[in-house]
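Enquirer: Reading the sequence shown from the start, the letters are residues 26 to 485 in the working numbering. Cβ atoms here follow ideal geometry from the backbone N, Cα and C, with glycine treated the same way. Model, not experiment: these values are computed from the prediction.
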Amino acid sequence: MSGPAPARGPREAAASARVIGSTGRKRAGTVLEAEEIDGIVADYVAGHVPDYQMAAWLATVACRGLSTAELVALTRAYAAGGGQLDLSRVDGPVVDKHSTGGVGDTTTLIVVPVVAACGVPVAKMTGRALGFTGGTLDKLESIAGLRTTLPVEEIVPMLTSVGMVLTGQSADLTPGDGATYALRDVTGTVESIPLIAASIISKKVAVRADGLVLDVKTGAGALIQDRARAAELVRTMLGLAAEFGLSARAVLSDMSQPLGPAVGNALEIRQALAVLRGERIPGLWDLCAVVCRLMLQSVDPALTDEQARARIDRVLDDGSAYEMFVRWAVAQGADAAALEAERLPSAGRRLPVTAPESGWVTGIEPRSVGQASLMLGAGRLTYDAPLDHGAGVLLRHRVGDRVGKGDVLAELCYDSGDVARARALLESAFRIGDTAVVAPPAVHEVFAPDARPALVPGAA
Ligand code: URA
Numbered sequence: 026m027s028g029p030a031p032a033r034g035p036r037e038a039a040a041s042a043r044v045i046g047s048t049g050r051k052r053a054g055t056v057l058e059a060e061e062i063d064g065i066v067a068d069y070v071a072g073h074v075p076d077y078q079m080a081a082w083l084a085t086v087a088c089r090g091l092s093t094a095e096l097v098a099l100t101r102a103y104a105a106g107g108g109q110l111d112l113s114r115v116d117g118p119v120v121d122k123h124s125t126g127g128v129g130d131t132t133t134l135i136v137v138p139v140v141a142a143c144g145v146p147v148a149k150m151t152g153r154a155l156g157f158t159g160g161t162l163d164k165l166e167s168i169a170g171l172r173t174t175l176p177v178e179e180i181v182p183m184l185t186s187v188g189m190v191l192t193g194q195s196a197d198l199t200p201g202d203g204a205t206y207a208l209r210d211v212t213g214t215v216e217s218i219p220l221i222a223a224s225i226i227s228k229k230v231a232v233r234a235d236g237l238v239l240d241v242k243t244g245a246g247a248l249i250q251d252r253a254r255a256a257e258l259v260r261t262m263l264g265l266a267a268e269f270g271l272s273a274r275a276v277l278s279d280m281s282q283p284l285g286p287a288v289g290n291a292l293e294i295r296q297a298l299a300v301l302r303g304e305r306i307p308g309l310w311d312l313c314a315v316v317c318r319l320m321l322q323s324v325d326p327a328l329t330d331e332q333a334r335a336r337i338d339r340v341l342d343d344g345s346a347y348e349m350f351v352r353w354a355v356a357q358g359a360d361a362a363a364l365e366a367e368r369l370p371s372a373g374r375r376l377p378v379t380a381p382e383s384g385w386v387t388g389i390e391p392r393s394v395g396q397a398s399l400m401l402g403a404g405r406l407t408y409d410a411p412l413d414h415g416a417g418v419l420l421r422h423r424v425g426d427r428v429g430k431g432d433v434l435a436e437l438c439y440d441s442g443d444v445a446r447a448r449a450l451l452e453s454a455f456r457i458g459d460t461a462v463v464a465p466p467a468v469h470e471v472f473a474p475d476a477r478p479a480l481v482p483g484a485a
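(1) Apply the 10 Å Cβ neighbour rule to P466 and answer buried if 16 or more other Cβ atoms are within range, or exposed otherwise.
(2) Taking only beta-carbon atoms, is P176 less than 8 Å away from chain D?
(3) Locate the beta strand (DSSP E) running through A386, then write down its first and last residues.
(4) Under 7 Å from any heavy atom of ligand 1, does the C-beta of G127 make it?
(5) C88: buried (16+ other C-beta within 10 angstroms of its C-beta) or exposed?
(6) Excluding the 5 residues preceding and the 5 following G54 in the sequence, name in chain order all residues of the same chain whose CB lies nearer than 6 Å to its CB.
(7) Look at the Cβ atom of A266, then the Cβ atom of A273, and state whether they are nearer than 8 Å.
(8) Who are the near neighbours of I135 in its chain, counting only those whose CB is closer than 6 Å to its CB and skipping five residues on each side?
(9) What separation, rounded to the nearest whole angstrom, lies between the Cα atoms of D311 and E293?
(10) Excluding the 5 residues flanking V70 on each side, which residues of the same chain have their C-beta closer than 6 Å to its C-beta?
(11) Starting from M470, follow its DSSP beta bridges and name the residues at the other end.
(12) Closer than 6 Å by C-beta to R477: which residues in its own chain qualify, once you throw out the five before and the five after it? Chain order, please.
(13) Judging by CA-CA distance, which residue of V145, I218, D121, S92 is the nearest neighbour of T151?
(14) For S124, which residues does DSSP report across the bridge?
(15) Just to check my reading of the structure: L110 and V232 have Cβ atoms closer than 8 Å, yes? What is that Cβ distance to the nearest angstrom?
(16) Taking DSSP as the reference, what is the three-state secondary structure of F455?
(17) Within a Cβ cutoff of 6 Å, which residues of the same chain sit near L328, ignoring the five residues on either side of it in sequence?
(18) Please tell me whether, using a cut-off of 7 Å, the distance from the CB of G384 to the nearest non-hydrogen atom of ligand 1 is below it.
(19) Let me check understanding here. Comparing Cα to Cα, which of T214, D459, G108, D440 lies closest to S383?
(20) Measuring straight from C-alpha to C-alpha, what distance separates A245 and S345?
Rendered as structure tokens:
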């Protein structure tokens, strides 16, 4: 980000005038022209517009929403000036996936190697933590030596030699999204349907895989909490993908409690490795199994649910999904022995949070768990804050579990940070009741590709 404006010449002055005028027009309800949107994003990427003016423009878009034409223009603008992967050099169809993010969501780290081990190459661009949610790129940085961002020219060779690629967004691909993503994180403009849709679909346009699965979260720990609005985000993204000629499937998945028991960067890498070694962690694996199936079917529509499940179970049980992850990590620079021995950052201290009374766990508020982890250094409050990759939270129970008074509900894992605040947040996250409850399903709804969606502009 460019920070407060330094000495400004005529070019910067013109760019500022454009963005200020556009912000005013958008606030007044005018539909912006594609060229105007394109120019604003390009000026910001080039450093001609200061952060505070771009933040005001994004905030106005978040409040007023975008028309279909504006949404398509913003998506195009995010990808403009960036590269485009040439997947024609890869044998067979390639698949991609994206999740809107949540707490304890290690889905990418699991489904990418599973699907790749099934013989379908997966190309996935990943992002950093947004707000209280985790980011795959931050998690991957827990692995010593791993090059988390590959130059564009290395992506296709990695796909052909290994079968999967996970890379952070580089300046070469979707530069507009890259520039605005970090700014949105620290200016309260993450939770907007059009901004999320344009951000995600611009990355999918740059990869242009043959199959695409979108995992949109709903519930208290999701960027869009309300179920009807989350379904609107699904339809918006499916419609936007179709506008760019991408065939996509989607799931609306549950984020009313953390998806998996580990929350924090290295903790989540360990959790993913445990699943890849065959441990089917409830909730987390339930979602992964559906996403893997949809990814396989997105490039092979004739594959039945049973056939897909059998392939997924096979690669999990015979170790090939785990081997795929290790082979990929080593190809991107990780040390095989260190990874296999799980020599990852680890917090030196643990503090348990216990049940104040006996009963059933009726709720685990995911935002509080995510914030607790952030307070220990696992997430960031300012865009350039360093992370403590070993810090985080380990949950010992899920919604629906019976617990006795004094049982350990969760542990804080830390070396520093605001432990008192993290503890208070974690304690407040758990609801214990005196009647049994059934845990919500991991997947609420699957959106088939043949239901051609309407493009719904996200409104305030
Ligand atoms: N993931 C993204 O890539 N972008 C968003 O805006 C939100 C989640």
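Expert: Here's the rundown:
(1) Position 441 of the sequence shown, counted from the start, is the residue given in the question as residue 466. The residue is exposed, with fewer than 16 neighbouring Cβ atoms inside 10 Å.
(2) No chain D appears in this structure, which consists of one protein chain only.
(3) Start at 1 with the first residue of the sequence shown, and residue 386 comes out as number 361. What sits at residue 386 in the sequence shown is Val, not Ala. For V386, the uninterrupted beta strand (DSSP E) run begins and ends at 384-389, by DSSP.
(4) Position 102 of the sequence shown, counting from 1, holds the residue named residue 127. G127: no, Cβ never under 7 Å from ligand 1.
(5) The count along the sequence shown starts at 1 and reaches residue 88 at position 63. Result: exposed.
(6) For the purposes of this step, residue 54 is taken as residue 29 along the sequence shown, with counting starting at 1. There are no such residues.
(7) By 1-based counting over the sequence shown, the position of residue 266 is 241. By 1-based counting over the sequence shown, the position of residue 273 is 248. Against a cut-off of 8 Å, the Cβ pair of A273 and A266 comes out as a contact.
(8) The count along the sequence shown starts at 1 and reaches residue 135 at position 110. Cβ neighbours of I135 beyond the five flanking positions: A297, V300, C313.
(9) The residue labelled residue 311 in the question sits at position 286 within the sequence shown. The residue labelled residue 293 in the question sits at position 268 within the sequence shown. Approximately 17 Å between the Cα atoms of the pair.
(10) Within the sequence shown, residue 70 is the residue found at index 45, counting from 1. Here the set comprises P200, G201, A204.
(11) Residue mapping note: residue 470 aligns to position 445 of the sequence shown, counting from 1. Note on residue identity: the sequence assigns Glu, not Met, to residue 470. The partner list for E470 (beta bridge, DSSP) reads L277.
(12) One-based indexing of the sequence shown puts residue 477 at position 452. Reliability fails at R477, whose pLDDT of 49 lies under 50, so the model's placement of it is uncertain and no value is given.
(13) Working through the sequence shown from its first residue, we reach residue 151 at position 126. Taking only the C-alpha atoms, the option nearest T151 is D121.
(14) The residue you call residue 124 lines up with position 99 of the sequence shown. Answer by DSSP bridge pairing, in chain order: D240.
(15) Mapped onto the sequence shown, residue 110 falls at position 85. Mapped onto the sequence shown, residue 232 falls at position 207. Confirmed, Cβ separation roughly 5 Å.
(16) Against the sequence shown, residue 455 aligns to sequence position 430. The answer is strand: DSSP assigns F455 an E or B state.
(17) Residue mapping note: residue 328 aligns to position 303 of the sequence shown, counting from 1. Hits under 6 Å: L321, Q322.
(18) Here residue 384 corresponds to residue number 359 of the sequence shown, with the count starting at 1. Checking every heavy atom of ligand 1 against the Cβ of G384, none is found closer than 7 Å.
(19) Within the sequence shown, residue 383 is the residue found at index 358, counting from 1. It is D459 whose Cα lies nearest to the Cα of S383.
(20) Taking the first residue of the sequence shown as position 1, residue 245 is located at position 220. Taking the first residue of the sequence shown as position 1, residue 345 is located at position 320. Taking the straight line joining both Cα atoms gives about 35 Å.
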